[in-house]
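In the UniProt record's numbering, the protein residues as written are 1 to 150.
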């Protein structure tokens with residue numbers, strides 16, 4: 001690929017990734033959870049409690065970051081820690097209020113995404129999803145994961 005074409009593609013990709021990143025941090029109208037709480041509750045929505053280490057691995061974040069986010073979510077009444085016999089770590093799970101707010105916010109996010117996909121049409125939406133999957137798979141093969149603090 002010619003250098004000029006490669007540079008143009010890199011610039012376009014960076015621009016689109018920045019647009020996506022801005023949306024990641026924007027609250028959608030009508031939602032109540034901040035981004036970090038929503039992401040924690042999204043991971044935990046499968047009904048399986050997690051340790052902080054498991055959450056850090058699944059979200060690809062530093063353990064100190066997850067610790068801070070989980071502590072904030074516990075203080076806000078969204079998550080609860082509980083003891084497991086024979087283990088020193090206390091996993092977390094959604095509280096009743098956390099599960100309620102997650103259901104509320106995820107329904108709003110789903111409605112927004114449904115409208116975006118409808119505007120795009122089925123074929124372009126499938127193409128986008130396939131392209132994102134291919135990009136993420138290639139990226140994960142080529143990029144080593146960040147070091148973790150322990």
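Where a beta carbon is used, it is the ideal one built from N, C-alpha and C, also for glycine.
Remember, predicted model here, so these are calculated numbers, not experimental data.
In the structure shown, the three-state DSSP call for residue 80 is strand. Following the DSSP letters along the chain, one finds residue 94 inside the beta strand (DSSP E) bounded by residues 92-94. Counting C-beta pairs with one atom in each stretch, the segment 42-52 and the segment 5-20 have fewer than three that are closer than 8 Å, which means they do not touch. Beta-bridge partners of residue 50 (DSSP): 92. Excluding the 5 residues flanking it on each side, residue 90 has same chain C-beta neighbours closer than 7 Å at 81, 82 and 83, in chain order.
Residue 136 has its alpha-carbon roughly 22 Å from the corresponding atom of residue 38. In this model, residue 19 and residue 87 are separated by some 43 Å (Cα to Cα).
CA-to-CA, the gap between residue 103 and residue 31 works out to about 10 Å.
The straight-line gap separating the alpha-carbon atoms of residue 16 and residue 85 is approximately 47 Å.
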